[in-house]
Amino acid sequence: MIRLLLIGILLIAGEIHGNGQTDAAGRLLMKARYQVSGKMYGEALRTIDNSQSVGPEASRAALTMGQALSGLKRYDESNRWLMQVTGDGLADAAYAMAKNYIALNDNHSAIESLRKHLAEKNHYPEKTIRLDPDFAKLENERNWVHLWQTDWYSESEQQAAEFDYLLANNQVVEAMALANRFRTAYPDDPRGWFLLAKAHHAMKDDWQFRLSMDHGTPLAAQNNPLMEEMLRLCMEAEYFNKANVLASQLIRNDPTNPDYQISRALIRIMEGKESLAIKEIAATEEAGIAPAELYYQAGQRVAKSIPFQAESWFTKAIDGGRLDARYYFARGLARISLEKTDEALSDFAMSLDINPNQPDLYATRAQIRLDIGDNDGACHDWKKAMEMGNTKAADLLYKYCRLP
-9 MIRLLLIGIL
1 LIAGEIHGNG
11 QTDAAGRLLM
21 KARYQVSGKM
31 YGEALRTIDN
41 SQSVGPEASR
51 AALTMGQALS
61 GLKRYDESNR
71 WLMQVTGDGL
81 ADAAYAMAKN
91 YIALNDNHSA
101 IESLRKHLAE
111 KNHYPEKTIR
121 LDPDFAKLEN
131 ERNWVHLWQT
141 DWYSESEQQA
151 AEFDYLLANN
161 QVVEAMALAN
171 RFRTAYPDDP
181 RGWFLLAKAH
191 HAMKDDWQFR
201 LSMDHGTPLA
211 AQNNPLMEEM
221 LRLCMEAEYF
231 NKANVLASQL
241 IRNDPTNPDY
251 QISRALIRIM
261 EGKESLAIKE
271 IAATEEAGIA
281 PAELYYQAGQ
291 RVAKSIPFQA
301 ESWFTKAIDG
311 GRLDARYYFA
321 RGLARISLEK
331 TDEALSDFAM
341 SLDINPNQPD
351 LYATRAQIRL
361 DIGDNDGACH
371 DWKKAMEMGN
381 TKAADLLYKY
391 CRLP
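Each residue of the sequence shown is one higher than the one before, counting from -9 in our numbering.
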């Protein structure tokens, strides 16, 4: 299977390389966007310097350049690039500029940038913004208070937020009633069908869930944020046919978004059709995303719900030949869920051999060691976690261990 995948990758990569300058620029932009998502800002800057994006991709390139420069703390340069962003990227650009201004101690400009962000149709929910730690220092600003005196959210957005609150509190019947009212009030809004799909999913009514998703998908064709939510739910519900439709539409809307390419590859992997994932694997490899990373991401998607499947995919990621601390940590967590304690501890040790600077891993291993009666080992791990900045470790160290 691996040999066939590699042959297919080489053949398709050869075809891609023959498609001209525009495709080459697109591959570079996808790679830069992936590097930014992984906080590889210097690498992203070098990658995008070689890209010659045109049309809509030029705006995405400007956004990516701005994000990379911000990651490198070159805030003024970042803002100059972010100001060149147009179209659907305006909301993300304004939000990034707000964070840059916070770093530059320009609170007034930060609030004005957030005002521009909120004026865009694909803005973040108020809760997301107000809980962002970067904006905590704005809470005492008069203009911050004035910002939230404006009603930025439509009635339909407020109803959707209320639905999510009800569902999060297991008030499924009430949530279903609200979803039906939403559909009646806003018959052309695809969110109505999506709310119904979420309610049916919570009630474990698979047939009605799929029917609602089928109705909503065509209406959401140009709404990327909504389609991303729909895609995540379809993958969780293992409605892979619809997930593939959504991923394909997202790729058409934004062909250099690495997350969309990763998602389509994951769908094939998760439905057991790895041989059909060759095209997606080739595209992601062009962006610097190794096939092992796809197996890791697939495992992460089901780590809580299907730990034995997650363990299998994490093992495939590890067998890919790349030493990555995340892969061993993740497999260790899956093995804890499967009560394979000794094997999990071996994975944690291997992860720390690769990357010793993992306070969360030390904290996790400490609890496991405590549970199996290894108090000395637990105290050692909590101490290491505390030294690396884990804030909860100090309390646990005080509670269970005698400090020297």
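The C-beta atom is built at its ideal place from N, Cα and C for all residues, glycine as well. Quantities reported herein were computed from a predicted structural model and do not represent experimental measurements.
Taking 8 Å as the threshold, find out whether the region 53 to 61 comes into contact with the region 74 to 84 through three or more Cβ pairs. yes
Does the structure place the region 307 to 325 close enough to the region 338 to 348 that three or more beta carbon pairs sit under 8 Å? yes
Looking at C-beta atoms only, is the number of pairs between the region 99 to 115 and the region 128 to 142 that lie closer than 8 Å three or more? yes
Could you check if L216 is buried or exposed, using at least 16 other CB atoms within 10 Å of its CB as the buried criterion? buried
Outcome for G16 when other beta-carbon atoms lying within 10 angstroms are tallied against a minimum of 16: buried
Which runs of the alpha helix (DSSP H) fall wholly inside the region 75 to 127 and span at least 4 residues, in chain order? 80 to 93, 97 to 109 and 116 to 120
Report yes if the CB atom of G395 is closer than 9 Å to the CB atom of Y24, and no otherwise. Lying before the first or after the last residue shown, residue 395 is absent from the chain, which here runs from -9 to 394.
Helix, strand or coil: which one does DSSP assign to M260? helix
The region 293 to 301 / the region 264 to 274 touching (three or more Cβ pairs under 8 Å): no
Leaving out five residues before and five after D124 in sequence, what residues of the same chain have Cβ atoms less than 7 Å from its Cβ? K89 and I92
Would you please state the rounded distance, in angstroms, between the beta carbons of C224 and L236? I believe it to be under 8 Å. 6 Å
Quick check on this structure: which residue in P349, D179, M220 and Q212 has the alpha carbon closest to the alpha carbon of F199? M220
By how many angstroms is the C-alpha of R70 removed from the C-alpha of V162? 47 Å
Rounding to the nearest angstrom, what Cα-Cα distance links Q74 and I326 in this structure? 48 Å
F153 and L413 - do their beta-carbons sit closer together than 9 Å? Shown here, the chain extends from -9 to 394; a query on residue 413 therefore has no answer.
For Q148, tell me which candidate among Y114, L128, D178 and N159 has the shortest Cα-Cα distance. Y114
For L157 and K188, believed in contact at Cβ under 8 Å, the rounded distance: 6 Å
Name the residue from T76, A86, D78 and G77 whose alpha carbon lies nearest to the alpha carbon of E67. A86
Determine the contact status of L284 and I259, defining contact as a CB-CB distance below 9 Å. yes
Using C-beta distances below 7 Å, list every residue in its chain close to P46, excluding the 5 sequence neighbours before and after it, in chain order. G77
Closest to G182 by CA distance: which of D361, N159 and M166 is it? M166
Helix, strand or coil: how does DSSP classify Y229 here? coil
From the DSSP output, in three-state form, read off W138 for me. coil
If you draw a straight line from the alpha carbon of A383 to that of K389, how long is it in whole angstroms? 10 Å
With H, G and I counted as helix, E and B as strand and the rest as coil, what does DSSP make of T331? helix
Taking buried to mean at least 16 other C-beta atoms within 10 Å of its own C-beta, is G206 buried or exposed? buried
Determine the extent of the alpha helix (DSSP H) in which Q212 is found, giving its start and end residues. Per DSSP, Q212 belongs to no alpha helix (DSSP H) and is neither H nor E.
If you draw a straight line from the alpha carbon of K106 to that of Q212, how long is it in whole angstroms? 22 Å
Quick check on D350: does DSSP put it in helix, strand or coil? helix
Which residues in the same chain have their Cβ closer than 6 Å to the Cβ of T12, if we skip the five residues on either side of it in sequence? With a pLDDT of 43 at T12, under the threshold of 50, the modelled position of this residue cannot be trusted, and the question is left open.
Quick check on the burial criterion: 16 or more other C-beta atoms within 10 angstroms. Buried or exposed for W197? exposed
9 Å Cβ cutoff met for G367 and R355: yes
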